[in-house]
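Those sequence lines, one after another, are chains A and B.
Per the working numbering, the first sequence starts with residue 1, numbered consecutively.
Per the working numbering, the second sequence starts with residue 553, numbered consecutively.
Below: one structure, written as structure tokens.
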Amino acid sequence: MDKMQCQCGHVNPPGTILCESCGRSLTEKEQNSKLVDMRYEGTARRSQTYNKSIIDKIWNFFSSVKVGVGIIVALLVAAAIGTILPQEEYVQVATRNEDTIKAYYSDVYGEIGRIYHFLGFHDLYSSFWFIILVGMLAISLIIASLDRFVPLYRSLKNQRVLRHESFINKQRIYGKGYAQEDVLAKAETKLKELKYNVKLDKNGLLAEKGRFSRWGPYVNHIGLIIFLFGVMLRMIPGFYVDETLWIREGETRAIPEVPDYALESKSFELETYSGEENGGAFSEAVDRVGSVAKNYQTDVILYKKPENSLPGATEDMEVVKEYPIRVNQPLKFDGYAVYQMDFKLDELKAMTFALTNKETEESLGELTIDLIDPEKMYELENGATVELKGYYPDFSGFENGEPQTATPLPNNPGFLVEMTTPETPKGETSFILIRNTIEPFGDNQFKLEFQGVETRDVSGLTIRKDSTLPILGLGGLIFMIGVAQGMYFNHRRFWIQQKANGEVILAGHTNKNWYALKKDLEQVSAYASLPAYSDQQEEIEKQMKKEGEEAL
Amino acid sequence: MTLAEMSSNFLYAAFIAYLIATFVFGGAVKGNKTGTYNSESRWGKTAFIITIIGFLANLAYFFTRWGATGHAPLSNMFEFTTAFGMTLVGGFLVLYFLYKTPVLGMVVLPVALLIIAFASMFPSEVSPLIPALQSNWLAIHVSTVVIAEGILAISAAAGLVYLLKVVDLTKRSKQRFWLEAIMYSLVLVLGFVIASTYFTAAGYQADFSYVDKEGVEAEIEYKMPPIFGMNEYTALSENTMTPLAEMPAVINASKLTTVTWSLIFGTILYWLIRLVARRRIAAILKPFVKNVNLNLMDEIGYRAVIIGFPVFSLGALIFAMIWAQIAWSRFWGWDPKEVWALITWLFYAAYLHLRLGKGWQGEKSAWLGVIGFTIILFNLVAVNLIIAGLHSYA
Numbered sequence: 001m002d003k004m005q006c007q008c009g010h011v012n013p014p015g016t017i018l019c020e021s022c023g024r025s026l027t028e029k030e031q032n033s034k035l036v037d038m039r040y041e042g043t044a045r046r047s048q049t050y051n052k053s054i055i056d057k058i059w060n061f062f063s064s065v066k067v068g069v070g071i072i073v074a075l076l077v078a079a080a081i082g083t084i085l086p087q088e089e090y091v092q093v094a095t096r097n098e099d100t101i102k103a104y105y106s107d108v109y110g111e112i113g114r115i116y117h118f119l120g121f122h123d124l125y126s127s128f129w130f131i132i133l134v135g136m137l138a139i140s141l142i143i144a145s146l147d148r149f150v151p152l153y154r155s156l157k158n159q160r161v162l163r164h165e166s167f168i169n170k171q172r173i174y175g176k177g178y179a180q181e182d183v184l185a186k187a188e189t190k191l192k193e194l195k196y197n198v199k200l201d202k203n204g205l206l207a208e209k210g211r212f213s214r215w216g217p218y219v220n221h222i223g224l225i226i227f228l229f230g231v232m233l234r235m236i237p238g239f240y241v242d243e244t245l246w247i248r249e250g251e252t253r254a255i256p257e258v259p260d261y262a263l264e265s266k267s268f269e270l271e272t273y274s275g276e277e278n279g280g281a282f283s284e285a286v287d288r289v290g291s292v293a294k295n296y297q298t299d300v301i302l303y304k305k306p307e308n309s310l311p312g313a314t315e316d317m318e319v320v321k322e323y324p325i326r327v328n329q330p331l332k333f334d335g336y337a338v339y340q341m342d343f344k345l346d347e348l349k350a351m352t353f354a355l356t357n358k359e360t361e362e363s364l365g366e367l368t369i370d371l372i373d374p375e376k377m378y379e380l381e382n383g384a385t386v387e388l389k390g391y392y393p394d395f396s397g398f399e400n401g402e403p404q405t406a407t408p409l410p411n412n413p414g415f416l417v418e419m420t421t422p423e424t425p426k427g428e429t430s431f432i433l434i435r436n437t438i439e440p441f442g443d444n445q446f447k448l449e450f451q452g453v454e455t456r457d458v459s460g461l462t463i464r465k466d467s468t469l470p471i472l473g474l475g476g477l478i479f480m481i482g483v484a485q486g487m488y489f490n491h492r493r494f495w496i497q498q499k500a501n502g503e504v505i506l507a508g509h510t511n512k513n514w515y516a517l518k519k520d521l522e523q524v525s526a527y528a529s530l531p532a533y534s535d536q537q538e539e540i541e542k543q544m545k546k547e548g549e550e551a552l
Numbered sequence: 553m554t555l556a557e558m559s560s561n562f563l564y565a566a567f568i569a570y571l572i573a574t575f576v577f578g579g580a581v582k583g584n585k586t587g588t589y590n591s592e593s594r595w596g597k598t599a600f601i602i603t604i605i606g607f608l609a610n611l612a613y614f615f616t617r618w619g620a621t622g623h624a625p626l627s628n629m630f631e632f633t634t635a636f637g638m639t640l641v642g643g644f645l646v647l648y649f650l651y652k653t654p655v656l657g658m659v660v661l662p663v664a665l666l667i668i669a670f671a672s673m674f675p676s677e678v679s680p681l682i683p684a685l686q687s688n689w690l691a692i693h694v695s696t697v698v699i700a701e702g703i704l705a706i707s708a709a710a711g712l713v714y715l716l717k718v719v720d721l722t723k724r725s726k727q728r729f730w731l732e733a734i735m736y737s738l739v740l741v742l743g744f745v746i747a748s749t750y751f752t753a754a755g756y757q758a759d760f761s762y763v764d765k766e767g768v769e770a771e772i773e774y775k776m777p778p779i780f781g782m783n784e785y786t787a788l789s790e791n792t793m794t795p796l797a798e799m800p801a802v803i804n805a806s807k808l809t810t811v812t813w814s815l816i817f818g819t820i821l822y823w824l825i826r827l828v829a830r831r832r833i834a835a836i837l838k839p840f841v842k843n844v845n846l847n848l849m850d851e852i853g854y855r856a857v858i859i860g861f862p863v864f865s866l867g868a869l870i871f872a873m874i875w876a877q878i879a880w881s882r883f884w885g886w887d888p889k890e891v892w893a894l895i896t897w898l899f900y901a902a903y904l905h906l907r908l909g910k911g912w913q914g915e916k917s918a919w920l921g922v923i924g925f926t927i928i929l930f931n932l933v934a935v936n937l938i939i940a941g942l943h944s945y946a
């Protein structure tokens with residue numbers, strides 16, 4: 001395409017609508033219209049100019065507002081579909097795997113649930129097509145912004161004070177008439193008072209205010225792109241840690257994915273409202289609901305290994321800090337944060353038994369089995385021993401005669417023991433469960449009689465590191481600046497020209513809030529006695545309406 | 553009088569002031585017999601002052617309740633919805649101040665009244681905060697959101713006025729149908745309020761045991777006669793209605809019953825209105841908008857969106873993410889409420905792009921404003937009551 005030379009002599013890039021220098025209309029369509037199209041200042045946008053190569057086509061596709069809105073709407077609809085049934089991560093199943101999740105959807109929600117799962121909607125927000133849509137939105141943000149920003153910036157930067165009359169009289173706000181000789185000087189004074197930037201050139205005046213608001217859309221798009229970039233970064237290892245740590249009261253554990261640190265839980269506490277708080281104000285609510293949680297808290301000690309200690313050594317760790325982790329008050333250290341997320345009350349800790357003669361009920365002594373770390377052999381008085389031949393912390397039944405455990409957690413402990421006493425030197429075997437004892441090789445003379453149990457609470461903590469947060473924060477901040485810049489400010493301009501015969505023409509333009517523009521103009525008019533103006537768009541609309549009514 | 557009692561009296565006062573102001577605004581825009589609107593600004597001013605008095609009482613409700621509970625009263629369905637009614641009036645006051653349009657008050661105030669009445673159907677006793685809500689971010693995040701939603705809702709009100717004026721009600725059209733559908737759904741809200749008030753006043757209660765979707769036995773209390781029964785229900789109270797149909801476990805039959813009663817009451821009320829007036833509700837309102845300046849309504853609708861959108865972005869996305877990172881360890885978790893906040897945000901982003909990029913002004917813009925309000929209401933009502941998630945505090 002050729003460059004476009006205007007009557008005024010200025011050479012414009014191909015595709016220009018209004019001459020960059022004088023503002024004359026360059027296209028036939030524009031010449032015939034009653035008002036100039038001021039969007040993007042009539043500059044040449046790449047997407048409106050070239051449509052030959054594949055790159056042109058891709059560029060034009062993504063720079064289109066229609067396509068951008070299409071992507072937004074597609075995302076909106078997809079996001080809504082994902083809320084019809086709960087997403088996979090919010091589904092409660094006993095053991096989590098693909099089959100149980102699949103079964104959950106069809107069991108609970110029937111045929112609809114089955115189809116929902118089949119279509120992959122149970123994990124919609126990490127599906128490849130959803131991510132592709134987000135990616136397309138990002139591309140559209142970049143291309144659409146560049147396509148408009150670059151020519152707009154050039155044009156506003158180089159704008160001239162003097163414009164051709166055809167540019168002035170085709171503005172929405174336009175006025176023409178005679179005025180006093182000092183009209184420009186007076187208008188300048190008033191406009192400056194109204195905080196306009198005023199430029200004078202020969203017989204013309206250009207007053208401008210709030211140009212920076214025109215960059216608002218591009219600034220907020222940059223913010224969004226930075227945000228999306230930050231979200232993408234978390235896929236790189238090291239940027240993001242998300243681990244769960246179950247820790248029992250009294251335990252010290254290495255923090256997963258956090259080298260050199262360990263955590264000790266001193267205690268876990270669950271408080272509920274009694275209804276007495278706040279002068280009894282909450283008693284009615286507490287009565288109605290039954291029980292309202294007040295606080296979940298794990299008191300912890302954070303340890304760090306000294307710099308030059310051996311790997312795996314757990315002694316001589318230094319206390320970093322003691323901290324009560326509560327909901328909304330995570331423990332923070334070294335870029336990591338530990339959150340109170342879950343708990344389990346009264347997990348079995350240890351069980352105490354007495355080795356008892358069944359007939360005489362005489363006890364040979366007691367033994368306490370630690371359910372997390374049991375010993376192999378317990379020696380009692382008078383040479384009696386109990387050997388723990390098998391331990392099944394979460395007994396779930398027998399398979400081929402072998403006892404099984406479902407999990408390593410002591411939810412339902414089972415013990416296979418061999419009891420040896422001076423009376424029964426060969427030993428007797430017994431399988432002990434809560435409230436049940438099996439004697440596989442016939443009746444025994446001795447039994448382990450249950451004496452008591454110790455319990456403790458377990459805290460479910462989440463360990464998080466998210467190095468992308470500063471990037472996301474920056475993106476959010478830039479977005480907000482851009483949005484405020486573009487929406488709470490507007491770009492207003494006035495052109496006033498005094499012709500040799502004393503006639504004055506004036507025009508005004510704003511990107512939004514014409515109401516405020518007119519108010520400004522009225523103030524200037526009152527001071528500088530400018531000729532009366534009209535809102536040409538409203539007049540065209542009135543005209544059209546009138547014609548429409550006459551046609552009826 | 554305790555602070556909590558004072559607080560509810562203030563809310564009554566606000567309610568009554570809004571009710572009076574609605575009629576005065578209506579009188580202002582109706583025009584006199586000779587067909588002129590000379591008294592519009594005088595009546596409009598009176599109505600505006602009554603609205604301000606009501607709004608001050610509403611603010612007094614808010615802060616006395618804050619004093620009574622010790623936390624910002626934005627923590628459950630009653631509190632949030634009442635605050636939404638309040639910010640809706642606040643948004644109107646701001647735009648009235650800018651544009652002096654009584655007709656907007658005639659639409660906004662009844663909607664605010666409906667919203668406050670709807671809120672009052674939920675348990676309103678002061679309640680303590682669960683651990684996840686014990687944070688200053690409760691006040692920061694939720695108040696920003698509710699202010700933004702109040703302002704955005706004004707764009708729907710302006711849109712509605714626009715549509716009442718431009719849609720031709722004498723000819724059958726899609727526009728006429730949907731406009732009347734909006735009126736009908738507003739009447740349905742009133743139906744819900746009437747049904748709840750009626751059955752509560754009658755002291756209706758029926759207890760059932762049932763089997764929930766996880767297969768666990770549970771109990772439930774119906775406050776309205778059970779049209780639908782829960783999954784495998786057994787009645788626990790005597791002399792109550794036997795449900796007409798049993799629902800599968802995924803459907804909460806108690807809520808479905810409430811919805812059905814609201815539909816019944818609302819529909820009866822709607823047809824009563826139509827029988828008495830012998831025209832559509834939209835047609836009843838039409839004379840009130842005769843004098844409306846369409847360009848001004850379009851501008852108000854757009855203005856509301858440009859003021860509301862940045863506030864919404866800040867409150868419903870940015871503040872929300874900051875708090876979610878602190879309370880739940882992740883700034884985003886695709887919880888239904890989060891998703892619907894994103895949907896609302898995407899919707900208004902599309903509105904702005906269509907308006908600025910595709911020139912969707914006037915009627916198209918007005919429809920979009922109304923749809924945006926529907927999305928906000930969906931997020932408020934349906935996501936809290938139907939879709940279970942972390943934000944279901946009702």
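Quick reminder that beta carbons are idealized off the backbone N, C-alpha and C, glycines included.
Bear in mind the structure is a predicted one, so any value in this text is a computation, not a measurement.
{"Asked": "Other residues of its chain near B/Ala946: CB distance less than 8 Å, five sequence neighbours each side excluded", "Found": "With a pLDDT of 46 at B/Ala946, under the threshold of 50, the modelled position of this residue cannot be trusted; read the value that follows with caution. Excluding sequence neighbours, B/Ala946 sits near Asn628, Met629, Phe674, Asn936 and Leu937."}
{"Asked": "Assumed close pair B/Ala612, A/Ala281 - CB separation to whole angstroms, cut-off 8 Å", "Found": "Rounded, the Cβ-Cβ distance is 18 Å, inconsistent with contact."}
{"Asked": "Beta-carbon gap between A/Lys294 and A/Val458 smaller than 8 Å", "Found": "no"}
{"Asked": "Residues, ordered as in the chain, of the stretch 131-145 of chain A that lie near chain B by beta-carbon distance below 7 Å", "Found": "none"}
{"Asked": "Short CB-CB distance (under 8 Å) between B/Ala829 and chain A", "Found": "no"}
{"Asked": "C-beta neighbour in chain A for B/Lys757, strict 8 Å", "Found": "Just to set this straight, residue 757 of chain B is Gln in the shown sequence, not Lys. False, the Cβ-Cβ gap to chain A never drops below 8 Å."}
{"Asked": "Cβ shell of A/Glu30 (< 8 Å), same chain only, five flanking positions each side left out", "Found": "Ile17, Leu18, Val36, Asp37 and Gly42"}
{"Asked": "Under 8 Å between C-beta atoms of A/Ser47 and A/Gln485", "Found": "no"}
{"Asked": "Meets three-Cβ-pair contact criterion under 8 Å: the stretch 538-547 of chain A and the stretch 185-193 of chain A", "Found": "no"}
{"Asked": "Residue-level contact to chain B via CB, A/Arg114, 8 Å cutoff", "Found": "no"}
{"Asked": "Residue environment, A/Pro440, which counts as buried when at least 16 other CB atoms sit within 10 Å", "Found": "exposed"}
{"Asked": "Selected residue, minimal CA-CA separation from B/Thr574, among B/Glu557, B/Val663, B/Ile699 and B/Leu555", "Found": "B/Val663"}
{"Asked": "Residue(s) in a DSSP beta bridge with A/Glu387", "Found": "A/Met377 and A/Glu418"}
{"Asked": "Any C-beta of chain A under 8 Å from that of B/Met553", "Found": "no"}
{"Asked": "Contact set between the stretch 630-646 of chain B and chain A, restricted to residues whose Cβ is under 8 Å from the partner", "Found": "none"}
{"Asked": "Distance between A/Tyr105 and A/Val557 (C-alpha atoms, nearest Å)", "Found": "The structure shown does not extend to residue 557 of chain A, since chain A is modelled only from 1 through 552, so no value can be given for it."}
{"Asked": "Proximal chain B residues relative to A/Gly462, where beta-carbon distance stays under 8 Å", "Found": "With the sequence shown as reference, residue 462 of chain A is identified as Thr, and Gly is not the correct amino acid for it. Correct list: Ser881."}
{"Asked": "Alpha carbon of B/Trp892 to alpha carbon of A/Ile369, nearest angstrom", "Found": "52 Å"}
{"Asked": "Option in A/Ala285, A/Gly335 and A/Ala262 with minimal Cα separation from A/Met317", "Found": "A/Ala262"}
{"Asked": "Length of the line joining the Cα atoms of A/Leu595 and B/Val857", "Found": "Nothing can be reported for residue 595 of chain A: it is not among the residues displayed for chain A, which extend from 1 to 552."}
{"Asked": "Buried versus exposed call for A/Thr501 [16 or more other C-beta atoms within 10 Å across all chains shown]", "Found": "The sequence given here has Asn at residue 501 of chain A, not Thr. Exposed, because fewer than 16 other Cβ atoms sit within 10 Å of the Cβ of A/Asn501."}
{"Asked": "DSSP-derived helix/strand/coil call for A/Asp2", "Found": "coil"}
{"Asked": "Residues sharing a beta bridge with A/Gly508, DSSP", "Found": "A/Ile173 and A/Phe494"}
{"Asked": "Per-residue DSSP class, three states only, for B/Met793", "Found": "coil"}
{"Asked": "C-beta neighbour in chain B for A/Glu539, strict 8 Å", "Found": "no"}
{"Asked": "Those residues which DSSP pairs with B/Ile772 across a bridge", "Found": "B/Phe760"}
{"Asked": "Whole-Å CB distance - A/Leu75 paired with A/Leu133, under 8 Å assumed", "Found": "5 Å"}
{"Asked": "Inter-residue Cα distance where the pair is A/Ile101 and A/Gly120", "Found": "12 Å"}
{"Asked": "B/Leu824 classed as buried or exposed, judged by whether at least 16 other C-beta atoms fall within 10 angstroms", "Found": "exposed"}
{"Asked": "CB contact flag (B/Leu656, B/Ile852, <8 Å)", "Found": "yes"}
{"Asked": "Proximity of A/Trp59 and A/Ile143 at Cβ, strictly below 8 Å", "Found": "yes"}
{"Asked": "Collapsed DSSP secondary structure at B/Ala946 in the structure displayed", "Found": "Because the pLDDT at B/Ala946 is just 46, under 50, the model does not fix this residue reliably, and the point stays unresolved."}
{"Asked": "Any chain B beta carbon closer than 8 Å to A/Glu284", "Found": "yes"}
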